[in-house]
Amino acid sequence: MSGHHVTNPADAQYYSYPQVAESSLMDIEVIVNLIERIGLPAVIIAAAFWYIRYSTDLAKRERDQMWDKDSSNDERLMKLVETTTSVMQEMKAALNTNTETMRELLTEFRLMAAKNR
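Per numbering that gives the first Met the number 0, the sequence shown starts with residue 0, numbered consecutively.
Next up, the structure:
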């Protein structure tokens, strides 16, 4: 195996993880200084709080994107329903016209048959 990671195309479609620049990550020295100053449990609690907050914010953004997408799909569906309804009404009118024409033809045939007797 070459060691290269091949990304799954579905990941890009369904997940939009923010890209974090390496320069914005905390240095090891800063973390060590925090542990020495306020203690390991406090640092772990702070890291857990940050992770929960980050996950919650990310989930909220994804939900908002899905709501926007869902609203867009609902609008498209309503347009489709309206178009389908109008087409069905036109078909109904055409069928009624054809039915009436068939009745008139049948009446004419009956009259012609009665005259020929």
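Ideal Cβ positions, reconstructed from N, Cα and C, are used throughout, including at glycine. Bear in mind that the values here come from a model prediction, so they are computed numbers and not experimental data.
Supposed contact pair residue j and residue i - C-beta distance, whole angstroms, cut 8 Å
i          : j          : result
residue 42 : residue 51 : Not really, about 15 Å apart at Cβ, beyond 8 Å.
C-alpha gap between residue i and residue j, whole angstroms
i           : j           : result
residue 104 : residue 87  : 25 Å
residue 72  : residue 65  : 10 Å
residue 92  : residue 59  : 49 Å
residue 82  : residue 116 : 51 Å
residue 32  : residue 39  : 10 Å
residue 44  : residue 61  : 26 Å
residue 85  : residue 114 : 44 Å
residue 27  : residue 55  : 26 Å
residue 78  : residue 57  : 32 Å
residue 67  : residue 74  : 11 Å
residue 90  : residue 53  : 55 Å
residue 106 : residue 99  : 11 Å
Backbone secondary structure at residue i - three-state DSSP
i           : result
residue 116 : coil
residue 123 : In the structure displayed, the chain extends from 0 to 116; residue 123 sits before or after that span and is not available.
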